[in-house]
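**Student:**
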Amino acid sequence: MGLAQTNQVDYIGIDRRSGNVVLSHLDELDWLDEGNHLQLLQDKLNTYLAYIESEQVYEGTSEWRDKQIDIYVYARCQYTHEGAKFLELASQVISEAGYGFMWVHVPDEEDDEH
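The opening residue of the sequence shown carries number 4 in our numbering; numbering runs sequentially from there.
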């Protein structure tokens, strides 16, 4: 999947260390079209929040009901200044809704060679 499929949750599982339910997304887009990237990211995060708040996250496994829910965003490309500002704001909103949020830059191995 990816950022272009804004209406889908990419990955869901349990974090082995924390025991939290984690919805994660790997953002592989570059930031050349920053405005479009920000819109897609906002749409993706809104989909994740709707998935949680509609309780779809619990379908098929009632044992997750008492667990903390976190959203993780992993980016292949370094965030722009505006991208980082957006994610800081998103972090506040998501935290206020009662969920955890983490966003990190995880470069491709190829990026490390250049």
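For glycine and all other residues, C-beta sits at the position ideal for the given N, C-alpha and C.
Because the structure is a prediction, the values reported are computed rather than measured.
So, helix, strand or coil for Ala93, using DSSP?
**Tutor:** Note: Ala93 maps to helix in three-state DSSP.
**Student:** If you draw a straight line from the C-alpha of Asn10 to the C-alpha of Leu48, how long is it?
**Tutor:** Computed Cα separation, rounded: 9 Å.
**Student:** Going by DSSP in three states, Ser98 sits in which element: helix, strand or coil?
**Tutor:** Helix.
**Student:** Hey, how far is the Cα of His117 from the Cα of Ala78?
**Tutor:** Unreliable positioning characterises His117 in this predicted model, as indicated by a pLDDT of 40, which lies under 50. A coordinate reading is not provided.
**Student:** Indicate the three-state DSSP secondary structure (helix, strand or coil) for Val76 in the structure shown.
**Tutor:** Strand, per DSSP.
**Student:** How about Lys70 and Val24: are their beta carbons less than 8 Å apart?
**Tutor:** In this structure, Val24 lies closer than 8 Å to Lys70 by Cβ.
**Student:** Which of the three DSSP states, helix, strand or coil, is assigned to Asp115?
**Tutor:** Note on Asp115: pLDDT 48, under 50, position unreliable in the model; the coordinate value appears next. Here Asp115 sits in helix by DSSP.
**Student:** Identify whether Gly63 lies in helix, strand or coil by the three-state DSSP scheme.
**Tutor:** Coil at Gly63, not helix or strand.
**Student:** Quick check on this structure: which residue in Ile15, Leu6, Gln8 has the alpha carbon closest to the alpha carbon of Trp67?
**Tutor:** Among Ile15, Leu6, Gln8, the Cα nearest to that of Trp67 belongs to Ile15.
**Student:** Whole-angstrom Cβ separation of Thr26 and Tyr51, contact assumed at under 8 Å?
**Tutor:** The question names Thr, but residue 26 in the sequence shown is Leu. Yes, Leu26 and Tyr51 are in contact; Cβ-Cβ is about 5 Å, under 8 Å.
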